[in-house]
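Numbering (the working numbering), first residue to last: 167 to 289. What follows is one structure encoded as structure tokens, with my remarks underneath.
Written out as structure tokens, the structure reads:
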């Protein structure tokens, strides 16, 4: 086997250099040119950014509260269903898990509603 640097150079050029130049030229033409001396923020500063993030966190907090309230309602509903099944079947099933699920679901719903009310009225 004959090792030739010229062949290696041609292989590397054809395999790496030419495709990378083609990709770079296609992407560089797609990117808009940016003037770093021009203010494109429109007068926005860090306070505007912080206010926007505060609003986003408020929306996220509301969604989390709604999710916990919905989960609490579902758990309480499953607890009521379990209590109903235990009462219908007689003494084969215990109603204790149903009561526990009802209490936990009610607490999840009430706590998330209280947090939502506090978030919207005080904070």
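C-beta: ideal position from N, C-alpha, C; glycine also.
Taken through DSSP and simplified to helix, strand or coil, residue 211 comes out as coil. In the three-state reduction of the DSSP assignment, residue 248 falls in the helix class, which pools H, G and I. Taking C-alpha positions only, residue 252 is separated from residue 240 by approximately 18 Å. DSSP places residue 280 within a helical segment (H, G or I) once states are collapsed to three. Sixteen is the threshold: since fewer than 16 other Cβ atoms of the shown chains lie within 10 Å of the Cβ of residue 224, the residue is exposed. Between residue 264 and residue 249, the C-beta gap is smaller than 8 Å, which places the two residues in contact. Residue state for residue 267 is assigned as helix, using DSSP reduced to three classes. Rounded to whole angstroms, the gap between the alpha carbons of residue 267 and residue 233 is 17 Å. When the five nearest sequence neighbours on each side are left out, the beta carbons in the same chain lying within less than 8 Å of the beta carbon of residue 285 are those of 224, 227, 228 and 231, in order along the chain. If you draw a straight line from the Cα of residue 277 to the Cα of residue 242, it comes to about 14 Å. Around the C-beta of residue 262, fewer than 16 other C-beta atoms lie within 10 Å, and the residue is accordingly described as exposed.
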